[in-house]
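K.L.:
This is the structure, below, for whatever I ask next.
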Amino acid sequence: MLLYNLARKDFRMLLRDPRAVVVLLVMPLIFIVVLGISLGEGFGQKPDDRLRISIVDMDVPYRQSEDQEEPLEWSKVVQQDLAQTAGIRVEVIGSLEEAEELVETSKRAAVLVMGPKFSENVTRSSFMVGGVNPLFRDGVDIRKLDARFLVDETQLTAASIIQQVGQVSLLRVVLPWMIGTAFENIAERMGPLARVLQSMFPNYNLTGKTWASLTRAEERSGDGAEIAVYQSEAGTGLLGRGAQRYQTLVPSYTVMFAYFLVLTVGWLFVAERRQGTLKRLRAAPLSRSEILLGKLIPCLALSVGQGLFLLLAGKLLFNMSWGSNPLWLLPIVLATSLSAMGLALLVATMARTEAQVAIYGTLLVLVLAGISGCLMGDRELMPDNMQQISLITPHAWALIAYKQLLANAGEVNVMIVAQACAVLTAFGVGFILLAWGFMRLDTQS
Amino acid sequence: MDEPLLRIVELRKRYGQTKALDGVTFDVYPGELFGLLGPNGAGKTTLLSIVSCLLEPTSGEAWILGRKVSTRDRGLRRLIGIVPQELAVYGELTARENLSFFGSLYGLAGEKLHQRVEHVLAATGLSERASQRVATFSGGMKRRLNLGAALLHEPKLLLLDEPTTGVDPQSRNHIFEEVRRLAGTGVTIVYTSHYIEEVQSLCSRVGIIDHGHLIACDDLQTMLQKIDGVIRFRVPETSPQLEERLRQIPETHLNGHVGQAMELECRDVKGALMRLISVLNELHLELVSLETIEPNLERVFLHLTGHALRD
Numbered sequence: 001m002l003l004y005n006l007a008r009k010d011f012r013m014l015l016r017d018p019r020a021v022v023v024l025l026v027m028p029l030i031f032i033v034v035l036g037i038s039l040g041e042g043f044g045q046k047p048d049d050r051l052r053i054s055i056v057d058m059d060v061p062y063r064q065s066e067d068q069e070e071p072l073e074w075s076k077v078v079q080q081d082l083a084q085t086a087g088i089r090v091e092v093i094g095s096l097e098e099a100e101e102l103v104e105t106s107k108r109a110a111v112l113v114m115g116p117k118f119s120e121n122v123t124r125s126s127f128m129v130g131g132v133n134p135l136f137r138d139g140v141d142i143r144k145l146d147a148r149f150l151v152d153e154t155q156l157t158a159a160s161i162i163q164q165v166g167q168v169s170l171l172r173v174v175l176p177w178m179i180g181t182a183f184e185n186i187a188e189r190m191g192p193l194a195r196v197l198q199s200m201f202p203n204y205n206l207t208g209k210t211w212a213s214l215t216r217a218e219e220r221s222g223d224g225a226e227i228a229v230y231q232s233e234a235g236t237g238l239l240g241r242g243a244q245r246y247q248t249l250v251p252s253y254t255v256m257f258a259y260f261l262v263l264t265v266g267w268l269f270v271a272e273r274r275q276g277t278l279k280r281l282r283a284a285p286l287s288r289s290e291i292l293l294g295k296l297i298p299c300l301a302l303s304v305g306q307g308l309f310l311l312l313a314g315k316l317l318f319n320m321s322w323g324s325n326p327l328w329l330l331p332i333v334l335a336t337s338l339s340a341m342g343l344a345l346l347v348a349t350m351a352r353t354e355a356q357v358a359i360y361g362t363l364l365v366l367v368l369a370g371i372s373g374c375l376m377g378d379r380e381l382m383p384d385n386m387q388q389i390s391l392i393t394p395h396a397w398a399l400i401a402y403k404q405l406l407a408n409a410g411e412v413n414v415m416i417v418a419q420a421c422a423v424l425t426a427f428g429v430g431f432i433l434l435a436w437g438f439m440r441l442d443t444q445s
Numbered sequence: 001m002d003e004p005l006l007r008i009v010e011l012r013k014r015y016g017q018t019k020a021l022d023g024v025t026f027d028v029y030p031g032e033l034f035g036l037l038g039p040n041g042a043g044k045t046t047l048l049s050i051v052s053c054l055l056e057p058t059s060g061e062a063w064i065l066g067r068k069v070s071t072r073d074r075g076l077r078r079l080i081g082i083v084p085q086e087l088a089v090y091g092e093l094t095a096r097e098n099l100s101f102f103g104s105l106y107g108l109a110g111e112k113l114h115q116r117v118e119h120v121l122a123a124t125g126l127s128e129r130a131s132q133r134v135a136t137f138s139g140g141m142k143r144r145l146n147l148g149a150a151l152l153h154e155p156k157l158l159l160l161d162e163p164t165t166g167v168d169p170q171s172r173n174h175i176f177e178e179v180r181r182l183a184g185t186g187v188t189i190v191y192t193s194h195y196i197e198e199v200q201s202l203c204s205r206v207g208i209i210d211h212g213h214l215i216a217c218d219d220l221q222t223m224l225q226k227i228d229g230v231i232r233f234r235v236p237e238t239s240p241q242l243e244e245r246l247r248q249i250p251e252t253h254l255n256g257h258v259g260q261a262m263e264l265e266c267r268d269v270k271g272a273l274m275r276l277i278s279v280l281n282e283l284h285l286e287l288v289s290l291e292t293i294e295p296n297l298e299r300v301f302l303h304l305t306g307h308a309l310r311d
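So this is what it looks like as structure tokens:
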């Protein structure tokens, strides 16, 4: 009951302090809106000098015969071949319309479109009579495979490079298939001749139907670029709602402004000391831990409320995604709030005047935000060594957790989130223990 | 005589090289309104901080109702009400919210808390402004609320640290009335101030503290009886005959000339004044100016320390 009364009093005062509302809720929203509008598409992404091959995959898997268990999916083989090529990254665009718009707006120089009969036509490609022969002077006639390139006429050089890469990859896929099936036929009909031919070309496996098998080379183990799904980065409307940048901007400024609690709590503490109410609290039959807890609870509640408010605002205002595991956002908000509250208490117990809180508190919060990467909006923009150094700040751990949940193209690794939450909690407990120590000194003077 | 409610024994407190209190010893008895008079920085607030369990002394002891005062004794704090020198109330809360909060810290709740809050609001004359934020109050109203916040739990010992600093006459009268009323109900009060008139008009017993030393502690009347009053007057022309006649007035001492005026120190100011006028009539001397100074704490302080309280 005593703790409830203490906490209720502070909570009431915090809510009646317009500075708290401005600093904790309004300012981060203003930052996010301003940066969201002013930062362009591609913000938060590291410069990538690898060649991007964009693909639209409308291919329908094909069975050569009804008793074939696994249908052939040649479009996937092409994607894999490209992905395993060093210096290339593959991007799959969801629809033909989207791809056409990207090319028309010059956002992509060329896009390889594989139609629904691509697998069937590749399967039917053959040197034999009755087969589809897709080979011609320039390589592979992709129209015969139900494929084509969408080309931006304003970027012909770039488009030509992409087309050549596509040609090479298609050759690596189609040619071994055609050679392999041809030699299977020869072996069936003229077994001895096939053996003679094979003995004449010992460096090649003439019945191997993949490039690696044909050339007796080892299969590549995915050391090229990963296959990424294209996501629109621009968003819609003036705010660019739904833009990818909000997936990093909102958490970054949610974390940065969580630590602005230092100012609010600092002012609260200093006011208690200045107006003598701390003396009155200490003269009451309360223990120091009760006074401290009475302060912790409303500060924590305020901080958690702030975090949830900003994430909700991110969803409603900026149409940001909460990711595939939205429940994991709760422990991140809680752990971040705990560490922010601990730091706020530490500063509050050390500062003597409101001016000290304003100057040292703001400096501390901004420096930590700078080191951690919050100020830049995305830690990925920092050099690798700076990213390592930033781990001395709780902010960085909060950003790692948010990044894993909100801006991760792959599957969420909850262990990373859990580890970040544990480190944030440790920061919080450490700060509180230090604040406790300083508060002890305070009562002895 | 009763056992003292508050006993201070050889209390010392040092802050580094500075001696805030240096061997202070005195008793305060139940129901007494004890005044602690001293200039700013004399050690009054340090003394009250130790008595109110906020500060540990460097050496010496303080006892309240036979319990040794310690910062660790939470139970003892329920017996004490402290009115800090600062306006120790929350400006963002209303008067009623402030009182409810401070009352709840002492275990008051429900109807009892409500009754005590309304009682204190009435006693401090703040009932009409009870629902308004304290930040909108005048300095005097905040002072009254500051006093009220210490009364909610009906303490046995009330410690008032300069409770009228910066207040208007109306609020000062309110505070005086409330202090007198509380003293009338048997609450023991320690009233610290550097305003001599306040201590002299309110307190029955007074301690005078300067530079951490308690230099006097006695009943107010006893203390005042130890020093003389003064009659200061001017006549157009002095003469040896006048001085001789003045020296013959019993229980007076002629200090001689102070500037153009003559000064008589006397135990009984009224009696000596009658004699003085009689002498001047006999010698046909006209009185140009006259000033009488009754014995007061200001003169006691000057007498004891050699300097005025407000120097």
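The listed protein sequences derive, respectively, from chains A and B. Residues in the first sequence are numbered from 1 upward in steps of one, following the working numbering. Residues in the second sequence are numbered from 1 upward in steps of one, following the working numbering. A virtual CB, placed ideally from N, CA and C, is assigned to each residue, including glycine. Just so it is clear, the structure is predicted and the values come from calculations on it, not from any experiment.
1) Taking the CB atoms as reference points, tell me whether P251 (chain A) and L399 (chain A) lie closer together than 9 angstroms.
2) Where does L308 (chain A) sit, in a helix, a strand or coil, going by DSSP?
3) Could you have a look at N173 (chain B) and say whether DSSP puts it in helix, strand or coil?
4) What residues of chain A sit near L87 (chain B), judged by a beta carbon separation below 8 angstroms?
5) Below 6 angstroms CB to CB, which residues in the same chain sit around I297 (chain A) once its five sequence neighbours on both sides are set aside?
6) Cα-Cα, which of A:A271, A:K76 and A:A418 is closest to W328 (chain A)?
7) In angstroms with no decimal places, state the Cα-to-Cα distance between V165 (chain A) and F309 (chain A).
8) Taking CB distances under 9 angstroms as the criterion, tell me whether D17 (chain A) reaches chain B.
9) Check whether the Cβ of L6 (chain A) lies closer than 9 angstroms to any Cβ atom in chain B.
10) Looking only at DSSP bridge pairs, what is T353 (chain A) linked to?
11) For E92 (chain B), go through chain A and note every residue whose CB falls closer than 8 angstroms to its CB, in chain order.
12) Mind checking which residues open and close the alpha helix (DSSP H) that includes F31 (chain A)?
13) Check whether the region 65-77 of chain B and the region 116-134 of chain B touch, using three or more Cβ-Cβ pairs below 8 angstroms as the test.
14) Does the structure place the region 184-191 of chain A close enough to the region 156-173 of chain A that three or more beta carbon pairs sit under 8 angstroms?
15) Determine which residues of the region 99-117 of chain B have a Cβ less than 8 angstroms from any Cβ of chain A, and write them out in chain order.
16) Suppose you measure from the CA of I55 (chain A) to the CA of T210 (chain A); what does that come to, to the nearest Å?
17) Please name the residue or residues paired with S49 (chain B) in a DSSP beta bridge.
18) In the DSSP assignment, the alpha helix (DSSP H) including D384 (chain A) goes from what residue to what residue?
19) Does the Cβ of A135 (chain B) have 16 or more other Cβ atoms within 10 Å, making it buried, or fewer, making it exposed?
20) Measure the alpha-carbon distance for I53 (chain A) versus L364 (chain A) and round it to whole angstroms.
21) Use the C-beta contact count for N121 (chain A): other C-beta atoms within 10 angstroms, 16 or more gives buried, fewer gives exposed.
22) By Cβ distance, which residues of its chain are closer than 8 angstroms to R245 (chain B), with the 5 residues on each side in sequence left out?
23) Hey, would you say A401 (chain A) sits closer than 9 angstroms to G373 (chain A), going by beta carbons?
24) Which whole-angstrom value describes the C-beta separation of A212 (chain A) and L261 (chain A), a residue pair presumed to lie in contact below a C-beta threshold of 8 angstroms?
25) Flag G43 (chain B) as yes if its beta-carbon sits less than 9 angstroms from any beta-carbon of chain A, otherwise no.
26) Can you tell me which of the three DSSP states C266 (chain B) falls into?
27) Is there a C-beta anywhere in chain B that falls below 9 angstroms from the one on A225 (chain A)?
28) Since L87 (chain B) and K142 (chain B) are thought to touch, with beta carbons under 8 angstroms apart, how far apart are those beta carbons, to the nearest angstrom?
29) Counting only beta-carbon atoms, is S287 (chain A) nearer than 9 angstroms to chain B?
30) Under 9 angstroms, do L47 (chain B) and T192 (chain B) count as touching if we go by C-beta distance?
31) By DSSP's criteria, D27 (chain B) is part of a beta bridge. Which residues make up the other side?
32) Ends of the beta strand (DSSP E) at S138 (chain B)?
33) Buried or exposed: which applies to E97 (chain B), given that a residue is buried once 16 or more other Cβ atoms fall within 10 Å of its Cβ?
34) Could I get the ranges of all uninterrupted beta strand (DSSP E) runs contained in the region 220-302 of chain B, with 3 residues as the minimum, in chain order?
35) Take A271 (chain A) as the anchor and find which of A:S38, A:E70 and A:A348 has the nearest alpha-carbon.
36) Counting only Cβ pairs nearer than 7 angstroms, list the residues of chain A close to P84 (chain B).
P.N.:
In short:
1) Yes, they are a contact pair.
2) Helix, per DSSP.
3) Correct three-state label for N173 (chain B): helix.
4) The contacting residues are Q275 and G276.
5) Apart from sequence neighbours up to five positions away, the residues of its chain that approach I297 (chain A) with a beta-carbon distance below 6 angstroms are A7, ordered along the chain.
6) Comparing Cα positions, the closest option is A:A418.
7) Near 48 angstroms, if we compare the C-alpha coordinates of F309 (chain A) and V165 (chain A).
8) Closer than 9 angstroms: yes.
9) The beta carbon of L6 (chain A) sits closer than 9 angstroms to some beta carbon of chain B.
10) In DSSP, T353 (chain A) forms no bridge with anything.
11) Neighbours of E92 (chain B) on chain A, chain order: R12, M13, R16 and D17.
12) Here the alpha helix (DSSP H) through F31 (chain A) covers M27 to S38.
13) No: the two stretches stay apart, fewer than three of their Cβ pairs being nearer than 8 angstroms.
14) Verdict: no, contact absent.
15) Cβ contacts with chain A come from F101, F102, S104, L105, Y106, G107 and A109.
16) Answer to the nearest angstrom: the Cα atoms are 21 angstroms apart.
17) Bridge pairing for S49 (chain B): absent [DSSP].
18) For D384 (chain A), the uninterrupted alpha helix (DSSP H) run begins and ends at D384 to I389, by DSSP.
19) It is exposed - the Cβ of A135 (chain B) has fewer than 16 other Cβ atoms within 10 Å.
20) Using only the alpha carbons, I get a separation of about 45 angstroms.
21) Buried, because 16 or more other Cβ atoms sit within 10 Å of the Cβ of N121 (chain A).
22) The answer, listed in chain order, is V279, E282 and L283.
23) Not a contact, by the Cβ cut-off of 9 angstroms.
24) In this structure A212 (chain A) is not in contact with L261 (chain A), their Cβ atoms being roughly 58 angstroms apart against a cut-off of 8 angstroms.
25) No, no contact with chain A.
26) If DSSP states are grouped into helix, strand and coil, C266 (chain B) belongs with the strands.
27) Unreliable placement is indicated for A225 (chain A), whose pLDDT of 48 sits below 50; the coordinate value is still reported in the next sentence. Chain B contact via Cβ: absent.
28) Distance from L87 (chain B) to K142 (chain B) at the Cβ level is roughly 5 angstroms; contact confirmed, criterion being Cβ atoms closer than 8 angstroms.
29) Closer than 9 angstroms to some Cβ of chain B, the Cβ of S287 (chain A) qualifies, so yes.
30) For L47 (chain B) and T192 (chain B), yes; Cβs fall inside 9 angstroms.
31) Paired residues: B:R7.
32) In this chain, S138 (chain B) is not harboured by any beta strand (DSSP E), its DSSP state being neither H nor E.
33) Burial check for E97 (chain B): the Cβ neighbour count within 10 Å reaches 16 or more, so the residue is buried.
34) Taking only runs of at least 3 residues, the beta strand (DSSP E) segments lying wholly in the region 220-302 of chain B are 229-234, 252-258, 261-266 and 289-293.
35) It is A:A348.
36) Within chain A, the residues near P84 (chain B) are G276, K279 and R280.
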